[in-house]
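Undergrad:
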Amino acid sequence: MSSTDNNENIKTKEQTEALGLLHQEFKLSAEELKDLAQHMVVEMGKGLQSHNSNVPMLLSYVRHHPTGQEKGEYLALEVSGSYARLLLVQLHGQGRISTRQQKYRITEDLKRDAMSKLIDFLAQSVNSFLRFVKKQDVKEPLALGFSISFPLNQTALHHASIGRWTKDFEITGTDDKNLASLLQEGIEKLKLPVVVKAIVNGTVGCLLAHNYRSLDTLLACTVSTGTNAAYWEKTEKIIKCNLESKDKEEEMIIDTEWGSFGDKSPEHLPRTCYDNRLNRESINPGIHLFEKMVSGMYLGEIIRSVIVDFVDRRLLFNGNSTKEMNTPYSFDVSYMSAIELDNSDDLKDIQHIVEAIMNVPKTTLVDRQMVKSFCELIGQRAARLTAAAISAVIEKRGALETGLPVSVEGTIYEHYPNFPERMNNAMREIYGPKIANINIGVTKDGNGIGAALAAMIACTKE
Ligand code: BGC
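Take the sequence shown: its position 67, counting from 1, is numbered 66 in numbering that gives the first Met the number 0, and each next residue is one higher.
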């Protein structure tokens, strides 16, 4: 019998039906996306009015748009995931920037240790970097901007405490301490010629970085291990804080923390039983529900959950699971990328991932096709949800008619197959031909460059 007429290579009725149902569960129509965006706009409005909203809308105290003409040399420290990255940023004016950079691994232990340990590690990293760029003996201290990709309770450009740890960080002993001061103390212990001038959320940094070369960028969004967006808001609209504003046009960057959308009203998020399970079993149930459907930290775990469910129903791998498959977070998002990219007739790369890495003894072509479909559904949904969230921010600022550059960055946006195309398709469904008014650009190294720009702004204000 040839392999094509082998029964193993044809989906059973049960498999076809189950896949159809799964498709229904993960599918999001244009209407559903618009609906979700409308709810997000409402929640963003509430977030500007009170401290108790689904979308926190955190103040950044960045009030000065870069002009792109600033010059100088600044240090940046970026903590976003498994690395601390240090950058020496040269601003050349005319929107031109050059950097030298190094990254230092944040171990899994450190992500769950005391704050003092993390600070010591960061100060040591600054020390190594100064040696690398031969700046350890400079007479004039270097100004440093600190970008950290977690929600910040900010009261000034150089004063912020962690609102909460997200993703896989669970640092203890942070309380309400000002991170900029803690870092400065760590740096002083090592007698390094560095002054911490500013602290920003990573996405705020991305927006500043994009602004330096594209002045009218209104919004920056990140789809990476986590997801978030920051945008320029009119100061007079930020009602929850008494900010003195000199004129009506004055603006401040708001860190939306859109990852939290749905936390207080999950009914606005079209969640599947797989999303519910992931949330329930996560280290922070009930927190960052939107992020848990979109970002790189969670996509693989959703797939794993679907796979295990199909195995339990004997619709996949002949009902065989493995220790690897049963281990939470063992299915990395990079496997999903490789699976989506596998267009070979026999799906060899998928076979390698499922059999050699996840240890499933044997897969049929149908098994591999099903796993590929899971990845397509879940990857597609993440891109469409991101498009809806971007459209919410655009709507909030009423910016569509005037046209606007939008900055997007992050490993998922930049490296997950077809993510930008899927996101653009969804935006086209939302906006029709007006999509031409939105000009999406990628910001490379935005977190770090933006932190340096925040330090520059802090120095200029002095
Ligand atoms: C954090 C944000 C961050 C985003 C992207 C989220 O988990 O809450 O502050 O910007 O991840 O790294």
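Beta carbons: idealized from backbone N, C-alpha and C, even for Gly.
(1) With DSSP collapsed to three states, give me the class of A398.
(2) Can you check which of these residues, A386, G449, R421 and Y415, is closest to K33 by C-alpha distance?
(3) Nearest CA to the CA of G204: which residue from L21, L242, L189 and N227?
(4) For K263, which residues from the same chain have a beta carbon less than 7 Å from its beta carbon, with the 5 sequence-adjacent residues on both sides left out?
(5) Which residues share a DSSP beta bridge with S97?
(6) For D341, which of helix, strand or coil comes out of DSSP?
(7) So what's T106 in DSSP terms, helix, strand or just coil?
(8) Is the distance from the Cβ of L21 to the Cβ of V305 below 8 Å?
(9) Mapping the DSSP letters down to three states, classify I147 as helix, strand or coil.
(10) Near L141, which residues of its chain fall below 6 Å by C-beta distance, leaving aside the five closest residues on each side in sequence?
(11) Here's a check: name, in chain order, each residue in its chain whose Cβ is nearer than 6 Å to the Cβ of G201, leaving out the five neighbours to either side.
(12) Rounded to whole angstroms, how far is the Cβ of I252 from the Cβ of D274, which I believe are closer than 8 Å?
(13) DSSP state of H158, grouped into three classes?
(14) For R270, which beta-bridge partners are listed by DSSP?
(15) For the alpha helix (DSSP H) containing E420, list its first residue and its last residue.
(16) Note down, in chain order, each residue of its chain lying with its Cβ closer than 8 Å to the Cβ of K443, except the 5 sequence neighbours on either side.
(17) Pull up the distance between the alpha-carbon of E13 and that of V359, whole angstroms please.
(18) Let me know the alpha helix (DSSP H) ranges lying completely inside the segment 175 to 230, each 4 residues or longer, listed in chain order.
(19) What does a CB cutoff of less than 6 Å around E7 pick up in its chain, not counting 5 residues either side in sequence?
(20) Would you check whether ligand 1 has a heavy atom nearer than 7 Å to the C-beta of K138?
(21) Just the C-alpha distance for N438 and H414, rounded to the nearest angstrom, thanks.
(22) So who's on the other strand from S406, going by DSSP bridges?
(23) How long is the line joining the alpha carbons of P404 and G94, rounded to whole angstroms?
(24) Which residue's Cα is closest to the Cα of A179: Q153, I411 and F168?
(25) When burial is assigned at 16 or more other CB atoms within 10 Å of the CB, is I118 buried or exposed?
(26) Return yes when at least one heavy atom of ligand 1 lies under 7 Å from the C-beta of K166, else no.
(27) Check whether the Cβ of F149 sits closer than 7 Å to any heavy atom of ligand 1, and report yes or no.
(28) Just to confirm the assignment, what range does the alpha helix (DSSP H) spanning V293 have?
(29) Heavy atom of ligand 1 less than 7 Å from the Cβ of E290, yes or no?
(30) Quick one: complete beta strand (DSSP E) runs, 3+ long, within the segment 30 to 88?
(31) Just curious, the alpha helix (DSSP H) that M324 is in, first and last residue?
(32) Can you tell me which residues form a DSSP beta bridge with E139?
(33) Going by DSSP, name the residue or residues bridged to M357.
(34) Suppose the cutoff is 7 Å on Cβ atoms and the five residues either side in sequence are ignored; what does the same chain contact list for G225 look like?
(35) Excluding the 5 residues flanking R104 on each side, which residues of the same chain have their C-beta closer than 7 Å to its C-beta?
(36) Verify the contact flag: N200, CB atom, against every heavy atom of ligand 1, threshold strictly below 7 Å.
TA: Once the coordinates are examined:
(1) Here residue 398 is taken as the residue at index 399 of the sequence shown, counted from 1. Coil.
(2) On the sequence shown, position 34 is the one that residue 33 refers to. Selected option, being the one with the closest Cα: A386.
(3) Taking the first residue of the sequence shown as 1, we reach residue 204 at position 205. Looking at the Cα atoms, N227 is the closest of the given residues.
(4) Along the sequence shown, read from residue 1 onward, the residue named residue 263 stands at position 264. Only N53 meet the Cβ criterion.
(5) Looking up residue 97 in the sequence shown gives position 98. DSSP output for S97 lists Q89 as bridge partner(s).
(6) By 1-based counting over the sequence shown, the position of residue 341 is 342. DSSP places D341 in coil when its eight states are reduced to three.
(7) By one-based count along the sequence shown, residue 106 stands at place 107. It is coil, neither helix nor strand.
(8) The residue labelled residue 21 in the question sits at position 22 within the sequence shown. The residue labelled residue 305 in the question sits at position 306 within the sequence shown. It is a contact, given that the beta carbons lie within the stated cut-off.
(9) Your numbering for residue 147 matches position 148 in the sequence shown. Three-state result, I147: strand.
(10) Counting from 1 along the sequence shown, the entry for residue 141 is found at position 142. Correct list, in chain order: L74 and V193.
(11) Against the sequence shown, residue 201 aligns to sequence position 202. For G201, where only same-chain residues beyond five positions count, the Cβ hits under 6 Å are S79, S146, S148 and N446.
(12) Indexing the sequence shown from 1 puts residue 252 at position 253. Indexing the sequence shown from 1 puts residue 274 at position 275. That pair is no contact at about 30 Å.
(13) Position 159 of the sequence shown holds residue 158. Correct three-state label for H158: strand.
(14) Reading the sequence shown from its first residue, position 271 is the one you call residue 270. DSSP output for R270 lists no bridge partner at all.
(15) As a first step, residue 420 is located in the sequence shown; it is residue number 421 there, counting from the start. E420 -> alpha helix (DSSP H) spans F418 to Y430.
(16) Stepping through the sequence shown from its first residue, residue 443 is reached at position 444. Cβ neighbours of K443 beyond the five flanking positions: E408.
(17) On the sequence shown, residue 13 is found 14 positions in, with the first residue counted as 1. On the sequence shown, residue 359 is found 360 positions in, with the first residue counted as 1. Rounded to the nearest angstrom, the two C-alpha atoms are 21 Å apart.
(18) 178 to 188 and 201 to 212
(19) To locate residue 7, count along the sequence shown from 1; it is residue 8. So the qualifying residues of the chain are T363.
(20) On the sequence shown, position 139 is the one that residue 138 refers to. No, since every heavy atom of ligand 1 falls outside the 7 Å radius drawn around the Cβ of K138.
(21) As a first step, residue 438 is located in the sequence shown; it is residue number 439 there, counting from the start. As a first step, residue 414 is located in the sequence shown; it is residue number 415 there, counting from the start. C-alpha separation (whole angstroms): 19 Å.
(22) For the purposes of this step, residue 406 is taken as the residue at position 407 of the sequence shown. Looking at the DSSP assignment, S406 forms a beta bridge with A219 and G440.
(23) Taking the sequence shown and counting its residues from 1, one reaches residue 404 at position 405. Taking the sequence shown and counting its residues from 1, one reaches residue 94 at position 95. Between P404 and G94, the C-alpha separation is close to 15 Å.
(24) One-based indexing of the sequence shown puts residue 179 at position 180. Considering only alpha carbons, the answer is Q153.
(25) Looking up residue 118 in the sequence shown gives position 119. With 16 or more Cβ atoms within 10 Å of its Cβ, I118 is classed as buried.
(26) Counting from one through the sequence shown, the residue named residue 166 turns up at place 167. Under cutoff, so the answer is yes.
(27) Along the sequence shown, read from residue 1 onward, the residue named residue 149 stands at position 150. True, at least one ligand heavy atom lies under 7 Å from that Cβ.
(28) Within the sequence shown, the letter at position 294 stands for residue 293. Note, V293: alpha helix (DSSP H), E290 to V293.
(29) Stepping through the sequence shown from its first residue, residue 290 is reached at position 291. Result yes, Cβ under 7 Å from ligand 1.
(30) 70 to 78
(31) Taking the sequence shown and counting its residues from 1, one reaches residue 324 at position 325. Counting along the chain, M324 falls outside any alpha helix (DSSP H), and DSSP gives it neither H nor E.
(32) Counting from 1 along the sequence shown, the entry for residue 139 is found at position 140. Answer is none; E139 lacks a bridge partner.
(33) Against the sequence shown, residue 357 aligns to sequence position 358. Beta-bridge pairing links M357 to no other residue.
(34) Sequence index remark: in the sequence shown, residue 225 carries index 226 (1-based). Once the five neighbours on either side are set aside, the close Cβ partners of G225 are S148, T165, K166, G258, E290, S294 and M296.
(35) Working through the sequence shown from its first residue, we reach residue 104 at position 105. Answer for R104: S81 and Y82, listed in chain order.
(36) As a working mapping, residue 200 is identified with position 201 in the sequence shown. Yes, Cβ of N200 sits closer than 7 Å to a heavy atom of ligand 1.
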